[in-house]
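Going down the list, the protein sequences come from chains A and B.
Start counting at 1 in the first sequence, then tack on 378, and there's your number in my numbering.
Start counting at 1 in the second sequence, then tack on 197, and there's your number in my numbering.
Ideal Cβ placement from N, Cα and C applies to all residues, glycine included.
As the structure is a prediction and not an experimental result, all values here were calculated from the model.
Heads up, the thing below is written out as C-alpha cells.
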Amino acid sequence: MSGKIEDSMTKARVVVRQDTDIVLACQKGRALAEQVGIKGDSQVVVVIAISEVARNIVNYAGCGEIVLGVIGQDGRQGISIVARDEGPGISDIGKALQDGYSTGGGLGLGLAGAKRLMDEFEVTSEPGKGTTITMAKWGRNGH
Amino acid sequence: MAEVQSQKEYFPINSLVDVVRARRRGLEMAQALGFPLAEATKIAVVISELGRNIERYVGQGSITVTAHSEDEKYILIVAQDNGAGIPDVDRVMAGGYSTSGGLGLGLSGSKRLMDKFDINSIAGVGTTIKAVKWLR
Numbered sequence: 379m380s381g382k383i384e385d386s387m388t389k390a391r392v393v394v395r396q397d398t399d400i401v402l403a404c405q406k407g408r409a410l411a412e413q414v415g416i417k418g419d420s421q422v423v424v425v426i427a428i429s430e431v432a433r434n435i436v437n438y439a440g441c442g443e444i445v446l447g448v449i450g451q452d453g454r455q456g457i458s459i460v461a462r463d464e465g466p467g468i469s470d471i472g473k474a475l476q477d478g479y480s481t482g483g484g485l486g487l488g489l490a491g492a493k494r495l496m497d498e499f500e501v502t503s504e505p506g507k508g509t510t511i512t513m514a515k516w517g518r519n520g521h
Numbered sequence: 198m199a200e201v202q203s204q205k206e207y208f209p210i211n212s213l214v215d216v217v218r219a220r221r222r223g224l225e226m227a228q229a230l231g232f233p234l235a236e237a238t239k240i241a242v243v244i245s246e247l248g249r250n251i252e253r254y255v256g257q258g259s260i261t262v263t264a265h266s267e268d269e270k271y272i273l274i275v276a277q278d279n280g281a282g283i284p285d286v287d288r289v290m291a292g293g294y295s296t297s298g299g300l301g302l303g304l305s306g307s308k309r310l311m312d313k314f315d316i317n318s319i320a321g322v323g324t325t326i327k328a329v330k331w332l333r
C-alpha cells in the first residue's frame with residue numbers, strides 16, 4: 379500500500395508554522411482533490427484530514443511540512459498527503475490514535491478521526507526525532 | 198441486528214469540553230444505529246463544527262442528537278442558540294468551505310457531509326440548524 383504513496387508525484391509542498399499555513403495546506407489539498415476527481419463529501423474529508431495533521435504540527439512540533447501528491451493505479455487517481463515534522467515525536471502512537479485523545483485545536487477529531495476518514499493512513503514517529511504521517515484518499519471510480 | 202429504539206440526547210454547549218462530549222456521544226449513537234465508522238465520523242465532525250460555532254460565536258446553546266430507528270434510520274442533529282443570528286445565510290453557504298483561522302469547515306463544508314442541512318437564523322433571536330444523514 380505505502381509503495382503506491384512512495385510513487386506519488388509531488389504537486390505541492392507547504393511549510394507549516396502557523397494557522398495561515400494550515401489554511402493554505404487545506405486550500406491546496408482541496409484544489410488537488412478536485413483535480414483528481416475527489417468530490418462531494420470525500421473532498422471535505424481530505425480537507426479535514428489535512429487540517430488535523432497540520433494542526434498537530436503547529437501545536438506540537440512548531441514547524442513542519444505537508445507534501446501533497448497524486449497517486450495512480452489501475453486507471454484511478456488519488457491524493458497522497460505526507461505530514462512531516464522534526465518535533466518531539468509521539469511517545470504512544472496507540473494512545474494518540476484513540477478517539478478523544480486530542481481535544482486542542484483543529485476539529486478536535488485528532489489523528490483517530492483522520493485515520494477513520496482516509497483510505498490509507500500510517501504514522502511513524504520517534505521520540506525526539508519527529509513524526510511522519512502518510513495518508514491517501516482515492517477518487518470515486520476506484521470504489 | 199436487533200431492533201434498537203429511537204434515542205434522543207440533549208447536550209448543553211457552554212465550553213469545548215461540552216463539544217467534545219456531544220461529538221463522542223454522537224459518534225457512538227451513529228455507530229449503534231449501524232453507520233460504518235467513516236460515516237459516523239462525518240457525523241461527529243458536523244457535531245463538532247456546529248458545537249464549536251456555538252461556543253465561539255455565541256457562548257452557549259445546545260445540540261440535540263437523535264438516532265431515529267423506526268421505519269427509516271437516520272441521525273438528526275439540531276444545533277440551537279439564542280445568539281445574534283447569521284447575518285447573511287446565503288453568503289455563508291455559498292462561500293467555499295475553508296478552515297478560516299485554522300478552525301472549522303464552515304457551514305458549507307458541514308452541509309456536504311450530510312444529506313439534509315437547514316439553517317433557520319433570525320437576527321437578534323438566534324439560529325437553529327437541522328442536519329440529517331440517512332443510513333443507506
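query                                                                                                                                           : result
Span of the alpha helix (DSSP H) holding residue 473/A?                                                                                         : 471 to 474
Grab the span of the alpha helix (DSSP H) containing residue 518/A for me, first residue to last.                                               : Taken as a continuous stretch (DSSP letters only), residue 518/A belongs to no alpha helix (DSSP H), as it is neither H nor E.
When the cut-off is 9 Å and only beta carbons count, does residue 513/A lie next to chain B?                                                    : no
How many whole angstroms separate the CB atoms of residue 258/B and residue 278/B, which I take to be in contact at a CB cut-off of 8 Å?        : 3 Å
Who are residue 232/B's beta bridge partners in DSSP?                                                                                           : Bridge partners of residue 232/B: none, in fact.
So, is residue 315/B buried or exposed, given that buried needs 16 or more other C-beta atoms within 10 angstroms?                              : exposed
Report back the beta-carbon spacing between residue 310/B and residue 419/A to the nearest angstrom; my notes put them in contact at under 8 Å. : 5 Å
Compute the Euclidean distance between the alpha carbons of residue 320/B and residue 216/B, then round it to the nearest angstrom.             : 24 Å
Quick one: using the 10 Å Cβ neighbour count with 16 as the cut-off for buried, is residue 209/B buried or exposed?                             : exposed
Mind pulling the beta strand (DSSP E) runs of 3 or more residues that sit fully within the region 399 to 460 of chain A?                        : 442 to 451
Counting pairs of Cβ atoms below 8 Å between the region 402 to 411 of chain A and the region 443 to 453 of chain A, do you hit three or more?   : yes
Where does residue 282/B sit, in a helix, a strand or coil, going by DSSP?                                                                      : coil
Within 10 Å of its beta-carbon, does residue 399/A have 16 or more other beta-carbons around it, so buried, or fewer, so exposed?               : buried
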